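Enquirer:
There are 2 protein chains.
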Amino acid sequence: MVVNDMDEFAMTDRTVFFVSDQTGVTVETLGHSLLTQFDGVQFKGVTVPFVDSLDKATRVAKEVDLDAQRVGVRPIVFTSFVHEQLREPLLASKGLVLDFFEAFLGPLEVELQSPSSHTLGKAHGIDDIKSYDSRIAATNFAMDADDGHSLHHYERADLILIGVSRTGKTPTCLYLALQYGLFPANYPLTEDDLESGQLPDALRNYRKKLYGLTIAPERLRQIRRERSTVGRYSSKQQVSYELELAEALYKKLGIPFINTTQCSIEEIASRILNETGIERRMGP
Amino acid sequence: MVVNDMDEFAMTDRTVFFVSDQTGVTVETLGHSLLTQFDGVQFKGVTVPFVDSLDKATRVAKEVDLDAQRVGVRPIVFTSFVHEQLREPLLASKGLVLDFFEAFLGPLEVELQSPSSHTLGKAHGIDDIKSYDSRIAATNFAMDADDGHSLHHYERADLILIGVSRTGKTPTCLYLALQYGLFPANYPLTEDDLESGQLPDALRNYRKKLYGLTIAPERLRQIRRERSTVGRYSSKQQVSYELELAEALYKKLGIPFINTTQCSIEEIASRILNETGIERRMGP
């Protein structure tokens, strides 16, 4: 049983259980998404994956009851059980049980005139070997084509992110590979590149694959200081200079770009796909 | 509007729209998880993120109606609108609308005695700069500590995955960093390491952080052949030899390990966290 320290525990806190007979990734994602809508409450998350027997489910239900007693308010229990009967012990517990499958499988079964298969592990199991393999291939590609290495990879890349150092290129590429099976490359624009006012040779043939990243100077300084506090790398003047030249280059060449200052990795990735129309190779 | 080619389109197919005023990541996760339960139906997914005005919502509703007319069955529409009124045009469309927030925010509001904030972009926005920063730091760490590079990183690592080449170490590490903000390292066991029957020097002080990966020989051969078809790297004899020695080493030293043959990346990650009790540094 793993405790997520989402927040410090205080008197007014609520414990939230994420319980699944699979990996728990879906139920965590959905639960977190709902909880972010409640500002005033502090949540403490507990993820319990692979609850695949009545025995295990009964043990979790006991944990829920113990927590209710200890904290004095009832825990929230997000579940996504493929096997409905595993939900029973939790429904009999002191927690508020919100089941993602229960809410939607019924209407889908009616609409599709087909019973659901209730098969374990489909969502994040290796059900589809081909999709696993393309994801591994995509991740390898993103690693190999990171940070301007292996320029010969550009031919095969789905897109090439460009930007000055620390604008979020690498994590965005890795996310695009892991989440969507895409083949992303990235190239860090150096001061020499920027001062030339031209695309570096390596990128010239791939202009249609380019997407630029930029960011607010103050935020970039903050990120760069985490990496290195010495030299002009994170100086106000240097950061502003690089960003101005990069944005000027994007505009001059008509390269689409996004300001990542207020964006999470998911949002950068999602906006780029939405604007370029690049097709996902696989779903989450 | 981005089309996910989840499957080839056929006469009996259903179009599935994933519509959100945010990134669409949550609604895609929910929808995919549910649709994997229906084996007999071919789905074609269309993700429409950032639908943040009535005008945009109306346009999506028209797309839905057009699709219904073209395909001859009504599309399934998964939505997660923070702003309820944006749901209206879709509810009036010909699609079967399943709204994630509608189903669950109500019960949560009652239980928490607090209205939800209906704030856009919280789930995958950069709401929490600190959490964004730890994720970037984790991703940088995973990149730096990949494949036995930078052995001095082991001191700081949350865990160190070990295994022979191509057992899934790198994608699992990247996933643990991106999804949970963890600091994972990995070390590839070479033939020399394996034949010594001992841990390599670099790992000796970190035995408690080690977690082994193994895989069925036939599956490993298949994966290695993708990478290189020359030499003994993917030969039956070599692959079996390496895997036997690696598993013997894990058992001899009491290192926990997982067989990844039937596992997705999510499942490998989730099982390791569940068994080691390593705490997630952030939620999905």
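Those protein sequence lines, which keep their order, are chains A and B. Under the working numbering, the first residue of the first sequence is numbered 1, with each subsequent residue one higher. Under the working numbering, the first residue of the second sequence is numbered 1001, with each subsequent residue one higher. Each residue gets a CB set at the ideal place from its N, CA and C atoms; glycine is no exception. Since we're looking at a predicted model, the values are computed, not measured.
So, is the C-beta of Asp21 of chain A closer than 8 Å to a C-beta in chain B?
Expert: Asp21 of chain A does not count as touching chain B.
Enquirer: Which whole-angstrom value describes the C-beta separation of Arg135 of chain A and Ile1265 of chain B, a residue pair presumed to lie in contact below a C-beta threshold of 8 Å?
Expert: About 7 Å; that satisfies the 8 Å criterion.
Enquirer: So what's Gly277 of chain A in DSSP terms, helix, strand or just coil?
Expert: If DSSP states are grouped into helix, strand and coil, Gly277 of chain A belongs with coil.
Enquirer: Taking the beta strand (DSSP E) that Ile1162 of chain B belongs to, which residues open and close that run?
Expert: First-last of the beta strand (DSSP E) with Ile1162 of chain B: Leu1159 to Gly1163.
Enquirer: Which of the three DSSP states, helix, strand or coil, is assigned to Ser134 of chain A?
Expert: The answer is helix: DSSP assigns Ser134 of chain A an H, G or I state.
Enquirer: Using 8 Å as the limit for Cβ to Cβ distance, is Pro49 of chain A near chain B?
Expert: True, the Cβ-Cβ gap to chain B drops below 8 Å.
Enquirer: Consult DSSP for Val1003 of chain B and reduce its assignment to one of helix, strand or coil.
Expert: Summary for Val1003 of chain B: the model assigns pLDDT 46, below 50, so the residue's position carries little reliability, and this model does not support an answer.
Enquirer: May I have the straight-line CA-CA distance separating Ser1165 of chain B from Asp1147 of chain B, to the nearest angstrom?
Expert: Computed Cα separation, rounded: 9 Å.
Enquirer: For Val1048 of chain B, does the count of other Cβ atoms within 10 angstroms reach 16, so buried, or fall short, so exposed?
Expert: Classification for Val1048 of chain B: buried.
Enquirer: Tell me the DSSP secondary structure of Ala1185 of chain B in three-state form.
Expert: Note: Ala1185 of chain B maps to strand in three-state DSSP.
Enquirer: Along the segment 1070 to 1083 of chain B, what residues have a CB closer than 8 Å to any CB found in chain A?
Expert: From the segment 1070 to 1083 of chain B, only Arg1074, Ile1076, Ser1080 and Val1082 have a Cβ closer than 8 Å to chain A.
Enquirer: What alpha helix (DSSP H) runs, 4 residues minimum, are completely inside the segment 1191 to 1277 of chain B?
Expert: Listed in chain order, they are 1191 to 1196, 1201 to 1204, 1217 to 1227, 1236 to 1253 and 1265 to 1276.
Enquirer: Looking at the C-beta of Pro171 of chain A, does it have a partner C-beta in chain B at a distance below 8 Å?
Expert: Closer than 8 Å to some Cβ of chain B, the Cβ of Pro171 of chain A qualifies, so yes.
Enquirer: Is Glu1084 of chain B buried or exposed, if buried means 16 or more other CB atoms sit within 10 Å of its CB?
Expert: Exposed: under 16 other Cβ atoms inside 10 Å.
Enquirer: Cα separation between Arg207 of chain A and Leu90 of chain A?
Expert: Distance between the alpha carbons of Arg207 of chain A and Leu90 of chain A is about 55 Å.
Enquirer: Return the CA-CA distance between Arg1221 of chain B and Pro256 of chain A, expressed in angstroms with no decimal places.
Expert: Cα to Cα, Arg1221 of chain B sits roughly 42 Å from Pro256 of chain A.
Enquirer: Thinking C-alpha only, which one of B:Pro1200, B:Val1073 and B:Asp1021 is nearest Phe1081 of chain B?
Expert: Ranking the options by Cα distance to Phe1081 of chain B, first place goes to B:Asp1021.
Enquirer: Assess contact between the segment 1173 to 1190 of chain B and the segment 1154 to 1161 of chain B, defined as three or more Cβ pairs (one per stretch) separated by less than 8 Å. Is contact present?
Expert: The segment 1173 to 1190 of chain B vs the segment 1154 to 1161 of chain B: in contact.
Enquirer: Could you list which residues in chain A have their beta carbon closer than 8 Å to that of Ala1137 of chain B, in chain order?
Expert: What Ala1137 of chain B touches in chain A: Glu226.
Enquirer: Can you find a C-beta in chain B that's less than 8 Å from the C-beta of Thr26 of chain A?
Expert: Yes - at least one Cβ of chain B is within 8 Å of the one on Thr26 of chain A.
Enquirer: Against chain A, with Cβ distances strictly below 8 Å, would Val1041 of chain B count as a contact?
Expert: It does: the Cβ of Val1041 of chain B has a partner Cβ on chain A nearer than 8 Å.
Enquirer: Which residue wins for smallest C-alpha separation from Asp65 of chain A, given the options A:Leu245, A:Leu96 and A:Val27?
Expert: When only C-alpha atoms are compared, the closest one is A:Leu96.
Enquirer: Distance, Cα to Cα, Ala246 of chain A vs Gln1069 of chain B?
Expert: Cα-Cα distance, rounded: 46 Å.
Enquirer: Can you check whether the C-beta of Ile1265 of chain B is within less than 8 Å of a C-beta belonging to chain A?
Expert: At least one chain A Cβ lies under 8 Å of Ile1265 of chain B.
Enquirer: Any idea which residues DSSP pairs Arg14 of chain A with across the strands?
Expert: According to DSSP, Arg14 of chain A bridges with A:Phe43.
Enquirer: Tell me, please, whether the CB atom of Tyr1175 of chain B is closer than 8 Å to any CB atom in chain A?
Expert: Taking Cβ atoms only, chain A reaches closer than 8 Å to Tyr1175 of chain B, which makes this a yes.
Enquirer: Do you know offhand how far Asp1193 of chain B's Cα is from Leu1199 of chain B's?
Expert: Going by the C-alpha atoms only, they are around 7 Å apart.
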